[in-house]
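Colleague: Sequence order for the protein chains is A and B. Note that our numbering has the first sequence beginning at 6, numbered continuously upward. Note that our numbering has the second sequence beginning at 6, numbered continuously upward. C-beta: ideal position from N, C-alpha, C; glycine also.
2 protein chains.
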Amino acid sequence: MKRRVTVEQAFGAVLRELRTGTGKTQETVALDAGLDRTFISMLERGLRQPTLETVLSLSRALGVTASKIVEKVETLLGN
Amino acid sequence: MKRRVTVEQAFGAVLRELRTGTGKTQETVALDAGLDRTFISMLERGLRQPTLETVLSLSRALGVTASKIVEKVETLLGN
DNA sequence: CTGTAGACTTCTGTCGACC
DNA sequence: GGGTCGACAGAAGTCTACA
């Protein structure tokens, strides 16, 4: 009974983990993904949610597949 | 040279394929996913794009993982 | 059962600025 | 390098209704 993690929070955690793993800055990822730096910040903090297209853009910027990202999110959500 | 398919179109095709595979109607899927029937219609026709939360809701309604859905989308997009 | 249309609400995503 | 704020355009998602 301890699963109070939202989709936003789970995705944010995965995004931050993957980004820091590559040693990239939020700004670099934003540029590579064609997104705004402030939006990456909000995503990592679990304040916003991505669309499917955004997940795909981020996956390319991070050098992983989008399905792998979603898989990690599902794990955090308890799947 | 196979980047003519948009994310919307790829997702719509995957969604329709999975839904018809279960024999469910758009209305049933909508109810199970907690979404609107007209929105499912637009998603399948590639006129709209889902957020990550919507992909997760639909995956539960369809009895597959969200990562599997995204994997199929990536395949259609040429990954 | 599905497509479409309009009107509407909420949220994604951008941008400039400042800390 | 990252957090935050406010203003904004556009898209996600709902609902009623009719073909």
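1) I believe B/Ser72 touches A/Glu79 by the beta-carbon criterion, under 8 Å. Please report the beta-carbon distance rounded to the nearest angstrom.
2) B/Ser46 touches chain A at which residues, Cβ-Cβ below 7 Å?
3) Check whether the segment 33-46 of chain B touches the segment 38-51 of chain A, taking contact to mean three or more Cβ pairs, one atom from each stretch, closer than 8 Å.
4) Work out the CA separation of A/Gly26 and A/Arg50 for me, nearest whole Å.
5) Should B/Ser62 be listed as close to the ligand COA, given that the test is whether its C-beta is under 6 Å from any heavy atom?
6) Under DSSP, the alpha helix (DSSP H) around B/Gly39 begins and ends at which residues?
7) On the three-state DSSP scale, how would you describe A/Thr56?
Modeller: The short version:
1) Here residue 72 of chain B refers to the residue found at position 67 of the second sequence. Here residue 79 of chain A refers to the residue found at position 74 of the first sequence. Indeed, because the Cβ distance is near 6 Å, the residues count as touching under 8 Å.
2) Translated into positions along the second sequence, residue 46 of chain B becomes position 41. Simply none; closest approach about 17 Å.
3) no
4) For the purposes of this step, residue 50 of chain A is taken as residue 45 along the first sequence, with counting starting at 1. For the purposes of this step, residue 26 of chain A is taken as residue 21 along the first sequence, with counting starting at 1. Going by the C-alpha atoms only, they are around 17 Å apart.
5) As for the ligand COA, it is missing from this structure, which has no ligand bound.
6) Here residue 39 of chain B refers to the residue found at position 34 of the second sequence. From DSSP, B/Gly39 is part of no alpha helix (DSSP H); its letter is neither H nor E.
7) Start at 1 with the first residue of the first sequence, and residue 56 of chain A comes out as number 51. Three-state result, A/Thr56: strand.
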